[in-house]
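Engineer: Each residue of the sequence shown is one higher than the last, beginning at 2 in our numbering.
C-beta atoms are modelled at their ideal positions from N, C-alpha and C, and glycine is treated no differently.
Predicted, not measured: the structure shown is a model, and the values here were computed from it.
Okay, here's the structure, questions in a sec.
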Amino acid sequence: MKLNIKKIFVVVLSCVLITSSVNALAAERIIDNTESLTRNNLDDSIITINGFNYNAQEFMERVLEHTIESEPIDSMRSKNGTDIKFIYNENRQRIRKITDLGITSYTYDINNNLISEVLPDGELVEYTYSLDDAQTPKSITYKKDIFYYIIDDNGIIKGLLDGNNQVVCEYEYDENGLSKFIYEIKGEERIIHKDDPGDNFIGCVNSLRYDGKYYDSETDMFCTKYGSYYDAKANKIIGSGVHVDMKKLFGDQYDTLSTMDKNSNISTLRISPTEIQQLLYIASQ
């Protein structure tokens, strides 16, 4: 599967070159053509690595050509031991979640934000986002009732307001950012709800939690935007299978640019993090 060059190129480079295949063992310099960069002319921009010159445009195309991307996760085990299946569109956006309760369907806006869900019972849930920041949730509509997000100065979703500006829900998170308690506020009364996918209280129906990421209550994981999942308890991404074939990327220069780790017998590139940042800047202009 080819990556979308406009959306994912810098992400691929930063995640793949730095974390997967680069070892900061040397201080060879990447020399960029500053004058060419000011003209935004990639044809004249040169990346020099350890004496080897690479045209920035060609290098960018080579990275994409030799990028290997795994398919999104198609199934997962829920907390109660049942299987969950997922279906994605060509942009790796999840469009169906199939559980023992039925099918949940999703649609997205041009910013890749979730804008609607159709729940297994057929109810429609709609989301809107701030005009000032397209990534910040503004409201959720459920059963024709609109609720507004309460977000603190750190961007954490703390609860929901109804149309009368009254607090109807409060979230309390644990150290991993998972919903520890969901409170339904009725006057002075505070009713505690479990994070049950079958609970139709708006605080449970709402899928945007903590810092606005999509939360799956069935697995206690956050669904990312490209078909992988964040396990907050383990603090790791599940299903992130993107890497660059470095031997093919650098071709005949690979042996010169690499060094062998005697302990693991793994050959890694001898490029420093500073050099990678320079490379990213040039190739992504």
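1) What separation, rounded to the nearest whole angstrom, lies between the Cα atoms of D163 and I111?
2) By DSSP, does L209 sit in helix, in strand, or in coil?
3) Since E66 is in the alpha helix (DSSP H), which residue starts that stretch and which ends it?
4) How would you label S21, buried or exposed, when you count the other beta carbons within 10 angstroms and need 16 or more for buried?
5) Rounded C-beta distance between I203 and Y143? I'm assuming under 8 angstroms.
6) In the DSSP assignment, find the beta strand (DSSP E) that holds T105 and state where it starts and stops.
7) Counting only runs of 3+ residues fully inside the region 175-207, write out the beta strand (DSSP E) ranges in chain order.
8) Between the alpha carbons of S76 and F53, how many angstroms are there, rounded?
9) What residues match up with P138 in a beta bridge as DSSP calls it?
10) Relative to the C-alpha of I141, which residue among L179, N113, N207 and D134 is closest?
11) With burial defined as no fewer than 16 other Cβ atoms inside 10 Å of the residue's Cβ, what is the status of V169: buried or exposed?
12) Three-state secondary structure (DSSP) at G228?
13) Answer with buried or exposed for I193, where buried requires no fewer than 16 other C-beta atoms within 10 angstroms of its C-beta.
14) Let's test the definition: count the other Cβ atoms within 10 Å of the Cβ of K86 and tell me whether it reaches 16, buried, or not, exposed.
15) Does DSSP put D84 in a helix, a strand or coil?
Structural biologist: With the given structure in hand:
1) Here residue 163 is taken as the residue at index 162 of the sequence shown, counted from 1. Here residue 111 is taken as the residue at index 110 of the sequence shown, counted from 1. Approximately 27 angstroms, taken between the alpha carbons.
2) Counting from one through the sequence shown, the residue named residue 209 turns up at place 208. L209 falls in the strand class under three-state DSSP.
3) The residue labelled residue 66 in the question sits at position 65 within the sequence shown. Counting along the chain, the alpha helix (DSSP H) containing E66 begins and ends at A57 to E66.
4) Here residue 21 refers to the residue found at position 20 when the sequence shown is read from its first residue. Its pLDDT being 34, under 50, S21 is placed unreliably in this model, and the coordinates cannot settle the point.
5) Taking the sequence shown and counting its residues from 1, one reaches residue 203 at position 202. Taking the sequence shown and counting its residues from 1, one reaches residue 143 at position 142. Indeed they touch by this definition, with Cβ atoms about 6 angstroms apart.
6) For the purposes of this step, residue 105 is taken as residue 104 along the sequence shown, with counting starting at 1. Where T105 is concerned, the enclosing beta strand (DSSP E) stretches over G103 to Y109.
7) 180-187 and 190-194
8) To locate residue 76, count along the sequence shown from 1; it is residue 75. To locate residue 53, count along the sequence shown from 1; it is residue 52. Cα to Cα, S76 sits roughly 44 angstroms from F53.
9) Mapped onto the sequence shown, residue 138 falls at position 137. Answer by DSSP bridge pairing, in chain order: Y130.
10) Numbered from 1 along the sequence shown, position 140 holds the residue referred to as residue 141. The shortest C-alpha separation from I141 is found at N207.
11) The residue given as residue 169 occupies position 168 in the sequence shown. Burial call: buried.
12) Residue mapping note: residue 228 aligns to position 227 of the sequence shown, counting from 1. Coil.
13) For the purposes of this step, residue 193 is taken as residue 192 along the sequence shown, with counting starting at 1. Per the 10 Å Cβ criterion, exposed.
14) Start at 1 with the first residue of the sequence shown, and residue 86 comes out as number 85. K86 is exposed by the Cβ-count criterion.
15) Along the sequence shown, read from residue 1 onward, the residue named residue 84 stands at position 83. Three-state DSSP puts D84 in a strand.
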